[in-house]
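Asker:
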């Protein structure tokens, strides 16, 4: 490939100056797309990754060396960044391209009932409404020949005039024209040069095909925040079921007079018994493995079905019954949900999936009111099953994050074709003196040493440390269980927001905006430690990030199953891939909430003595160079106070 002159690249750049290493990043991205290779980029916060990706692709596109571009992200806030950069590029360059920033069908739906359902229930009812011709918004998009209606063409023209059509803007236009926003967005995205959306639009073949109408080998794909791709890809092929859902399914069976041959009641009894045993042996939130055939054999005996084939036929029938319940409820003006369908779909997956990369487990959980419930899980433990065909099958692919500390790990676990890989590792761009990294060596959350008195000591030290931090603080724990236990004993007058399952990023940002001394308590690998940009007026909102313990994956039979699978597949690298790198990534992501601009200064405190011993060698050089370790709490407080006192 001939070298491209810089003038051919910079004509698309919408800013008057470049950040450190940004030109290098743009050139690298251009080469990846022009060559049709796979680029893996470690680029820290502050380099301008999003605009660099777009500029590099546009340069390749202009010279005919690209496919269509699909950019996928984990969060809505990241999508908004790409929409903003695309508008700036278009205004600056005058380039004639079209872009669509898309959201899911449910979030764009104009039906009032749509937002009160889980995604599966929504899709079931939406699919039937379209099939039966009962959705007025969908019907208005197409004429009798199946082509775009006049109203839809009008909406598409408005989107084309904008050049960069955002999902929210298109939804507003379609609401006024009484059109289905998602269908109009699909029509627009079908012909857009650039499409930005969630990971599902890349990883799920049916969703990608319906949106883009383009074969995979003609697409260029960018996975932003790719450090989260292994967990996300495996999660797409996983599922869980709780005793709460089974109880609700049983009520459906009674209400709608469904003959399930006693299947749901039997499953509820089995799960209750298993989860009770797990609680007695392991306590709460610990996965214990269970064999596929054990559940199937018990259900065959309880239901009187003669074999696995007949059981599967019964399960499929219950899925159909659940779909019918959803439809009946929607016609009655009720929430179109069916727990029976969800339970049956879970059982179907349990029976059908016999591959060695699936494991099954049971857990005991406790809700906010202290009520215990059981959980049955089906987990895919090989991310490459979902990710590899997409990454390798695309014309060109970019995997990008600020925490790809070990590129070989991502190449292996995602099943990336090594022969096509190009790598770019960009060093930190913010001054090292803006960040103080401390280790409290007096404590640890190591499982073997985790005693009540030690957890109380961590709480006491947190109480004192919070007294010397003059601004907002985020504290991250290895698990919800530890967070609740330790935070109960932390004494502070600060407003506190504790992370909950399913919490939205917006709630955390709103909380921090409302208090200059706010305290966020979250979980490593949780909603509040990854993908949330804690920024106000271009500056980071936090003065300190405290990481309690090292966020290793918790020990359980499930984690041991993952280790065994990795030993078979990766040999000597198994422990590193199963335990060490997930811990390092979680640590980096939590710490990354602190410094969000060149003007930010703050403190990272790791409260675990292991971080100052052999674990330290696994950290990046810029972490090791600046790290200070103390056992004396007074010295830790003095370091924090002196450092933060010098903030302008």
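Residue numbers (this note's numbering): 17 to 664. The beta carbon of each residue, even a glycine, is placed where N, CA and C say it ideally should be.
#1: Indicate the three-state DSSP secondary structure (helix, strand or coil) for residue 336 in the structure shown.
#2: Do you know offhand how far residue 299's Cα is from residue 36's?
#3: According to DSSP, is residue 58 helix, strand or coil?
#4: Ends of the alpha helix (DSSP H) at residue 485?
#5: Roughly how many angstroms separate the alpha carbons of residue 243 and residue 601, rounded to a whole number?
#6: Quick check: what's the CA-CA separation for residue 475 versus residue 483?
#7: Which ranges does the alpha helix (DSSP H) cover as unbroken runs of at least 4 residues, wholly within the segment 287-326, from first to last along the chain?
#8: How many Å lie between residue 189 and residue 119 at the Cα?
#9: By Cβ distance below 6 Å, which residues in the same chain neighbour residue 497 in space, the five residues on each side in sequence not counted?
#10: Kindly list the residues whose CB is nearer than 8 Å to the CB of residue 608, restricted to its own chain and excluding five residues on each side of it in sequence; keep chain order.
#11: Span of the beta strand (DSSP E) holding residue 214?
#12: Consult DSSP for residue 664 and reduce its assignment to one of helix, strand or coil.
#13: Given a threshold of 16 other Cβ atoms within 10 Å of its Cβ, counted over all protein chains shown, does residue 327 qualify as buried or as exposed?
#14: Taking the beta carbon of residue 377 as the centre, do at least 16 other beta carbons fall within 10 Å, making it buried, or is it exposed?
#15: Along the chain, where does the beta strand (DSSP E) that runs through residue 271 open and close?
#16: Rounded to the nearest angstrom, what separates residue 276 and residue 500 at their Cα positions?
#17: Provide the residue(s) that pair with residue 377 in DSSP beta bridges, ordered along the chain.
#18: Taking one C-beta from the segment 346-364 and one from the segment 139-153 each time, how about it: are there three or more such pairs within less than 8 Å?
#19: With 16 as the cutoff for other CB atoms within 10 Å, does residue 545 come out buried or exposed?
#20: Comparing alpha-carbon positions, which option in 240, 588, 175, 517 lies nearest residue 204?
#21: For residue 623, does the three-state DSSP call read helix, strand or coil?
#22: Residue 565 by DSSP, collapsed to three states: which one?
#23: Looking at C-alpha atoms only, which residue of 92, 336, 434, 323 is the closest neighbour of residue 56?
#24: Measuring CB atoms only, is the segment 536-554 touching the segment 505-525, in the sense that at least three cross pairs come out at less than 8 Å?
#25: With DSSP collapsed to three states, give me the class of residue 113.
#26: Output the residue ranges of the alpha helix (DSSP H) runs that lie fully inside the segment 122-153 and measure 4 residues or longer, sorted by chain position.
#27: Would you give the residue range spanned by the alpha helix (DSSP H) that residue 14 belongs to?
#28: CB of residue 134 to nearest heavy atom of the ligand SAM: below 6 Å?
#29: Can you give me the start and stop residues for the alpha helix (DSSP H) that residue 428 sits inside?
#30: Could you name the residues of the same chain whose beta carbon sits closer than 7 Å to that of residue 336, not counting the 5 residues immediately before and after it, in chain order?
#31: Rounded to whole angstroms, how far is the Cβ of residue 47 from the Cβ of residue 438, which I believe are closer than 8 Å?
#32: Would DSSP call residue 441 helix, strand or coil?
#33: DSSP puts residue 237 in a beta bridge; with which residues?
#34: When you compare only the Cα positions, how much space is there between residue 395 and residue 257?
#35: I need the boundaries of the beta strand (DSSP E) containing residue 452, first residue and last residue.
#36: What are the partner residues of residue 618, as DSSP defines its beta bridges?
Answerer: Looking at the coordinates:
#1: The residue labelled residue 336 in the question sits at position 320 within the chain shown. Here DSSP, grouped into helix, strand and coil, assigns residue 336 to helix.
#2: Start at 1 with the first residue of the chain shown, and residue 299 comes out as number 283. Start at 1 with the first residue of the chain shown, and residue 36 comes out as number 20. So the two alpha carbons sit approximately 50 Å from each other.
#3: Here residue 58 refers to the residue found at position 42 of the chain shown. Here residue 58 sits in strand by DSSP.
#4: For the purposes of this step, residue 485 is identified with residue 469 of the chain shown, where counting begins at 1. Unbroken run through residue 485: none, as it is neither H nor E.
#5: As a position in the chain shown, residue 243 is number 227, starting the count at 1. As a position in the chain shown, residue 601 is number 585, starting the count at 1. The straight-line gap from Cα to Cα measures roughly 7 Å.
#6: Locating residue 475 in the chain shown gives position 459, where the first residue counts as 1. Locating residue 483 in the chain shown gives position 467, where the first residue counts as 1. The alpha-carbon atoms of residue 475 and residue 483 are separated by roughly 13 Å.
#7: 308-319
#8: Counted from its first residue, the chain shown places residue 189 at position 173. Counted from its first residue, the chain shown places residue 119 at position 103. Rounded to the nearest angstrom, the two C-alpha atoms are 15 Å apart.
#9: For this step, residue 497 is matched to residue 481 along the chain shown. So the qualifying residues of the chain are 301.
#10: Looking up residue 608 in the chain shown gives position 592. Cβ neighbours of residue 608 beyond the five flanking positions: 61, 418, 419.
#11: Within the chain shown, numbered from 1, the residue matching residue 214 stands at position 198. Here the beta strand (DSSP E) through residue 214 covers 210-214.
#12: Residue 664 sits at position 648 when you count from the first residue of the chain shown. Note on residue 664: pLDDT 46, under 50, position unreliable in the model; the coordinate value appears next. Correct three-state label for residue 664: coil.
#13: Reading the chain shown from its first residue, position 311 is the one you call residue 327. Sixteen is the threshold: when 16 or more other Cβ atoms of the shown chains lie within 10 Å of the Cβ of residue 327, as they do, the residue is buried.
#14: Numbered from 1 along the chain shown, position 361 holds the residue referred to as residue 377. Its Cβ being crowded by 16 or more others within 10 Å, residue 377 is buried.
#15: Your numbering for residue 271 matches position 255 in the chain shown. Per DSSP, residue 271 belongs to no beta strand (DSSP E); it is in the alpha helix (DSSP H), 259-271.
#16: Position 260 of the chain shown, counted from the first residue, corresponds to residue 276. Position 484 of the chain shown, counted from the first residue, corresponds to residue 500. Approximately 40 Å, taken between the alpha carbons.
#17: The count along the chain shown starts at 1 and reaches residue 377 at position 361. Residue pairing by DSSP puts residue 377 in a beta bridge opposite 305, 393.
#18: Result yes; three or more Cβ-Cβ pairs closer than 8 Å.
#19: Taking the first residue of the chain shown as 1, we reach residue 545 at position 529. Buried, since its Cβ has 16 or more Cβ neighbours within 10 Å.
#20: Along the chain shown, read from residue 1 onward, the residue named residue 204 stands at position 188. The shortest Cα separation from residue 204 among 240, 588, 175, 517 belongs to 175.
#21: Your numbering for residue 623 matches position 607 in the chain shown. In this structure, residue 623 counts as strand in the three-state DSSP scheme.
#22: Here residue 565 corresponds to residue number 549 of the chain shown, with the count starting at 1. Note: residue 565 maps to coil in three-state DSSP.
#23: In the chain shown, counting from the first residue as 1, residue 56 sits at position 40. Among 92, 336, 434, 323, the Cα nearest to that of residue 56 belongs to 434.
#24: Flag = yes, the segment 536-554 and the segment 505-525 touch.
#25: Looking up residue 113 in the chain shown gives position 97. If DSSP states are grouped into helix, strand and coil, residue 113 belongs with coil.
#26: For the segment 122-153, the full-length alpha helix (DSSP H) segments reaching 4 residues or more read 135-147 along the chain.
#27: For the chain, the structure presents residues 17 to 664; residue 14 sits outside this window and is missing.
#28: Ligands displayed in this structure: none; no statement on the ligand SAM is therefore possible.
#29: For the purposes of this step, residue 428 is taken as the residue at position 412 of the chain shown. Run containing residue 428: 423-429, per the alpha helix (DSSP H) assignment.
#30: Taking the chain shown and counting its residues from 1, one reaches residue 336 at position 320. Within the same chain, residue 336 has no close Cβ partners at all.
#31: Against the chain shown, residue 47 aligns to sequence position 31. Against the chain shown, residue 438 aligns to sequence position 422. Residue 47 to residue 438, Cβ: 7 Å. Contact.
#32: Within the chain shown, the letter at position 425 stands for residue 441. Strand, per DSSP.
#33: Residue 237 sits at position 221 when you count from the first residue of the chain shown. DSSP output for residue 237 lists 86, 413 as bridge partner(s).
#34: Residue numbering aside, residue 395 sits at position 379 when the chain shown is read from its first letter. Residue numbering aside, residue 257 sits at position 241 when the chain shown is read from its first letter. One C-alpha to the other measures close to 12 Å.
#35: Stepping through the chain shown from its first residue, residue 452 is reached at position 436. Here the beta strand (DSSP E) through residue 452 covers 451-456.
#36: The residue labelled residue 618 in the question sits at position 602 within the chain shown. Answer is 451, bridged to residue 618.
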